[in-house]
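A.B. asks: Dumping the structure here so I can ask a few things about it.
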Amino acid sequence: MWVFPQLSTGASAVYPVSRNTNLRTVVNTLADGSAVVYSDPDAAVTEWELRAMGLSAGEWGAIDTLFQAVAGRWQTFTFLDPVGNLLADSELLSAGAWTNGPLVGLTTGIGDPLGTMRATRAINGGSTTQAVAQVLTVPGDFQYCLSVWAKTIGGSNVTLTASTTGGSSAKTFSLNTVWQRISLPVNLTQSTTSVTFGAQLDAGASVDLFGLQVEAQLAASAYKKTGTQGGVYADARFAESGLTVKAQSTDVFDAVIRIVSA
Amino acid sequence: MANFPVLKTGAIAQYPSDRTRSFSTRVFRFLDGSEQRFPGFGAALRQWTIRLDLLDEAEMEILKEFFGSAEGRAGTFSFTDPFDGTAHVNCSFASDTLAARFEGPMKSATQVIVKENR
C-alpha cells in the first residue's frame, strides 16, 4: 500500500492547504428561468494543493519516492486529508463504518458541548469491556491523534485505544458530569495497513460521547463532523505527470503538490 | 427543506457581501435601429456572493458537508438573505466546485455563490 508520507514532525502538511470539492450537475435552463437539474455523483472529484515549503531532504525524498513508485499520475496511493477528520460518520456511531461491541447500546440526541443535541450515549450492557470503534485503512507507523468529548452521569471511565497487528496504545480517563475533550496521541510504529481506533467502556459503563475524531498529526485540532466519506482517500493520485522541487538552500526544499481523488 | 448553515456567530455572511438581482430580457435590434424587447421571466432572480474568511476548521467542514449533501448545483435549500433577513426557500449553489483554502489554524476561507431558483 502506497501512502503519501507524513513530515518528520508528524504533521501531514504545512499551511497553506487548498481543497476543492468538485461535483458535476447537468443543468438545462429553460426560457422562464426555471431549470431541470440532474446530479452526477459518480463524477465527484476532490483536489488538494499542498504548498510544501521548507521541506528537509528526507521529507522531500519520501514524496519523490512515492511519485516515482506510482509513476506520476498513473497509479493510486492512500492520502490522509491533512485538514480532515479521518473517521467516517463521526456522529452516527451506529453506521456501518463502526465496528462496535455487540452489547454496546447507543442513544442519540444527547446534549453536546456545542449546545446542540448531537452527542450519543453509549452503554456497555455486556460483562466485559467493549468499545465503540472504527477500523481505518491507514499505515500503522504514522502519527495520529484520537480525540473525543466525553462525560458520564454514572461515574464511569472511558479508555481511548489505538491498535494494529503487533502494537497497541490505550489511555484511561476518569470522567464526571462535565464535558471534557480527551485525546490519545499515538504512533504504533508498525508496518501494517490498518489501525483500529476506539473508545472502550468497562462492563456496565455509561458514557456520553461527542465529536470522535482521528487526525494524522500530533495533537487534536477543531472537531470536524464527517458523513460517509471520512478523511482517508484510498484512491488518490498525483494530479500532474511532473513534480518540480526548488532547492532554496542546503536541506531546504519547496514544492507545490497537487493531488486528486475521484 | 435544508437551511444554508450559519457561522458560529449566527451570521450567514461576512463583509464584503454581494447581492445581485437579475432579469432576463431578450433584445432584437433591427437594421433601421429600432428594437423589440421581450422579458424572459417576470420577476427578478436574486444571487448572493458569500465570502467567508477566518473560519475555523469545523465551520469549513460543516459548509463542505452541506455542499455535498446538496449535491452541488443539483440540490435546493432555504437561504436567508443576509441583507434583509428574508428566507428564500428555493435556492441552490451556482457552482459544482467548493474551493476551501486553509491558511493556518482557524484561518480558512472560501466563497460560494447562492442563487434563487424559479
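From first to last, the protein sequence lines stand for chains X and P.
In terms of my numbering, the first sequence opens at residue 128 and continues consecutively.
In terms of my numbering, the second sequence opens at residue 45 and continues consecutively.
By construction, the Cβ of each residue, glycine as well, lies at the ideal position given by its N, Cα and C atoms.
1. Is X/S183 helix, strand or coil when you go by DSSP?
2. Are the CB atoms of X/Q261 and X/L230 within a distance shorter than 8 Å?
3. Measuring alpha carbon to alpha carbon, tell me which of P/S152, P/V158, P/N161 and P/K159 ends up nearest X/S145.
4. When you compare only the Cα positions, how much space is there between X/A277 and P/T120?
5. X/F169 by DSSP, collapsed to three states: which one?
6. With a CB to CB cut of under 6 Å and the five nearest residues on each side skipped, what residues in its chain are close to X/P266?
7. Nearest by alpha-carbon distance to X/D159: which of P/T69, P/Q80 and P/S78 is it?
8. Quick check on this structure: which residue in X/A179, X/L150, X/I190 and X/P209 has the alpha carbon closest to the alpha carbon of X/A343?
9. Quick check: X/P132 and X/L193, are their CB atoms within less than 8 Å of each other?
10. Residues bridged to X/W175 by DSSP?
11. Is there a Cβ of chain P sitting closer than 8 Å to that of X/A347, yes or no?
12. Quick one: complete alpha helix (DSSP H) runs, 4+ long, within the stretch 75-157 of chain P?
13. For X/A222, which residues from the same chain have a beta carbon less than 7 Å from its beta carbon, with the 5 sequence-adjacent residues on both sides left out?
14. Give the residues of chain P in contact with X/G354, contact being defined as C-beta atoms less than 9 Å apart.
15. Within the 8 Å Cβ cut-off, does P/D100 reach chain X?
16. Residues of the stretch 62-85 of chain P with a CB closer than 8 Å to any CB of chain X: list them in chain order, please.
17. Please report the residue range of the beta strand (DSSP E) in which X/N212 lies.
18. Among P/R117, P/T130, P/P149 and P/S122, which one has its Cα closest to the Cα of X/T156?
19. Excluding the 5 residues preceding and the 5 following X/L263 in the sequence, name in chain order all residues of the same chain whose CB lies nearer than 8 Å to its CB.
20. Which class does X/L241 belong to by DSSP, given the choice of helix, strand or coil?
21. At the level of alpha carbons, what is the spacing between X/T288 and X/T304?
22. Should X/E347 go down as buried or exposed, given a rule of 16 or more other Cβ atoms within 10 Å for buried?
23. Report buried or exposed for X/Y350, applying the criterion of at least 16 other Cβ atoms within 10 angstroms of its Cβ.
24. Buried or exposed: where does X/M244 fall if 16 or more other Cβ atoms within 10 Å of its Cβ makes it buried?
25. For the candidate residues X/D191, X/A246 and X/C272, whose alpha-carbon lies nearest to that of X/L345?
26. Along the beta strand (DSSP E) that carries X/K373, what are the first and last residues, could you check?
27. Since X/K351 meets chain P, which of its residues come closer than 7 Å, beta carbon to beta carbon?
28. Do the stretch 88-105 of chain P and the stretch 136-153 of chain P make contact, defined as three or more Cβ pairs closer than 8 Å?
29. If we ignore side chains and look at the alpha-carbon of each, how far apart do X/I250 and X/G238 end up?
30. DSSP has X/K278 in a bridge; who is on the other side?
C.D. replies: In short:
1. coil
2. no
3. P/S152
4. 35 Å
5. Reading the sequence as shown, one finds Asp at residue 169 of chain X and not Phe. X/D169: helix per DSSP, three-state reduction.
6. Within the same chain, X/P266 has close Cβ partners V130.
7. P/T69
8. For the residues X/A179, X/L150, X/I190 and X/P209, the minimum Cα distance to X/A343 belongs to X/P209.
9. yes
10. X/R146 and X/I386
11. no
12. As far as the stretch 75-157 of chain P is concerned, its whole alpha helix (DSSP H) runs of at least 4 residues are 101-113.
13. D216
14. E109, G112 and S113
15. Interface criterion met: the Cβ of P/D100 is under 8 Å from a Cβ in chain X.
16. S68, G84 and F85
17. Per DSSP, X/N212 belongs to no beta strand (DSSP E) and is neither H nor E.
18. X/T156 has its Cα closest to that of P/R117, out of P/R117, P/T130, P/P149 and P/S122.
19. L213, L214, S321, V322, T323, F324, V341, G357 and V359
20. coil
21. 22 Å
22. According to the sequence shown, residue 347 of chain X is Ala rather than Glu. X/A347 is buried by the Cβ-count criterion.
23. buried
24. exposed
25. X/C272
26. V372 to S376
27. E101, A102 and E105
28. Between the stretch 88-105 of chain P and the stretch 136-153 of chain P there are three or more C-beta pairs closer than 8 Å, enough to call the two in contact.
29. 16 Å
30. X/D335
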